[in-house]
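Residue numbers (UniProt numbering): 1 to 155.
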């Protein structure tokens, strides 16, 4: 079962509901995840799958991950944890505003990691400028999470 895997990614039980194939609809030869059919608030649901067809009814609730190839150095679940934690800690009202920014990415977690690295570099530069007594340019620490997706989309 998937429970041991989910428990390792979410050891503190922050994920309220764990839904599997029996909670899907079968449409056009595919199992499709249908959020309203489960009586869930779409603003608070992230659907994770390796097939975009699985969340075709609510495309901005979905995060399409590359299919696992059996490699022991695959870090997708760790990256997924960091991504979801950033969304949770940012206080965004509707997860779809965040997921929409990654919808066209072939590998949304790789895009998230690139953006996060760039922001961390900018923050390090800003801190170095502060330490040298220069007027800082760029970000302040509280804006880092918001820069991972356009602020206008968070409203």
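No residue lacks a Cβ here, since even glycine has one placed at the ideal position from N, Cα and C.
What you are looking at is a predicted structure, and each value in this text was computed from that prediction instead of being measured.
Residues that residue i bridges to, as DSSP identifies them
i: residue 49; result: 64
i: residue 25; result: 32
Buried/exposed call for residue i, threshold 16 Cβ in 10 Å
i: residue 108; result: buried
i: residue 95; result: buried
i: residue 2; result: exposed
i: residue 26; result: exposed
i: residue 114; result: exposed
i: residue 62; result: buried
i: residue 17; result: exposed
Spatial distance of residue i from residue j (CA atoms)
i: residue 58; j: residue 100; result: 11 angstroms
i: residue 131; j: residue 56; result: 49 angstroms
i: residue 71; j: residue 133; result: 47 angstroms
i: residue 157; j: residue 82; result: The first residue shown for the chain is 1 and the last is 155, placing residue 157 beyond what the model contains.
i: residue 79; j: residue 53; result: 22 angstroms
i: residue 8; j: residue 68; result: 17 angstroms
i: residue 36; j: residue 10; result: 24 angstroms
i: residue 118; j: residue 24; result: 38 angstroms
i: residue 75; j: residue 60; result: 24 angstroms
i: residue 85; j: residue 92; result: 11 angstroms
i: residue 21; j: residue 90; result: 30 angstroms
Heavy atom of the ligand FMN within 8 angstroms of residue i beta-carbon
i: residue 15; result: Although the ligand FMN was asked about, the structure shown includes no ligands whatsoever.
Proximal residues to residue i (C-beta, below 7 angstroms), its chain only, five neighbours per side dropped
i: residue 87; result: 95 and 98
i: residue 105; result: 111
Same chain, Cβ closer than 6 angstroms to residue i, neighbours up to 5 away in sequence not counted
i: residue 65; result: 50 and 76
i: residue 30; result: 53
i: residue 43; result: 94
Same chain, Cβ closer than 8 angstroms to residue i, neighbours up to 5 away in sequence not counted
i: residue 32; result: 24, 25, 26, 53, 54, 55, 56 and 57
i: residue 47; result: 33, 35, 54, 55, 58, 61, 62 and 63
Task: Complete runs of the alpha helix (DSSP H) confined to the region 68-92 [at least 4 residues] - done: 76-90, all fully within the region 68-92.
- [ ] Mind listing, in chain order, the continuous alpha helix (DSSP H) runs of no fewer than 4 residues lying wholly within the region 91-119?
- [x] 95-99
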